[in-house]
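Numbering (our numbering), first residue to last: 186 to 294.
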């Protein structure tokens, strides 16, 4: 099944191969992951994102964010770019790069 965020029009190359690649990636992306242990020895899990879409930065109050929160958001946007951009055509890649950019944090292509 092809992920609804991508129409065949937006996927370059062999659509069936791209859809298969994305589904394999998508299935592995949203599995619970062992995160660590609590002081009492109990393990806990984190859930990775179900979708890979940049946050709308126009809604962010940057003055309220700590440096570590900004770094986390930059890392998330870099991950979105790294995993999604290779499946897009030129126009959509430019749009994604623009949406992944954050003030003071460069997304590397």
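Backbone N, C-alpha and C define an ideal beta-carbon position, used for all residues, glycine too.
Per-residue burial, residue 288 [other beta carbons within 10 Å of its own, 16 or more giving buried]: exposed
First through last residue of the alpha helix (DSSP H) which encompasses residue 227: Looking at the DSSP string, residue 227 is not in any alpha helix (DSSP H), and its letter there is neither H nor E.
Beta carbon of residue 262 nearer than 7 Å to that of residue 234: no
Close-in-space but distant-in-sequence residues of the same chain around residue 285 (CB under 7 Å, 5 per side omitted): 239, 262, 265, 266 and 292
Reference residue 269, options 276, 260 and 281, closest by Cα: 281
Residues that residue 290 bridges to, as DSSP identifies them: 287
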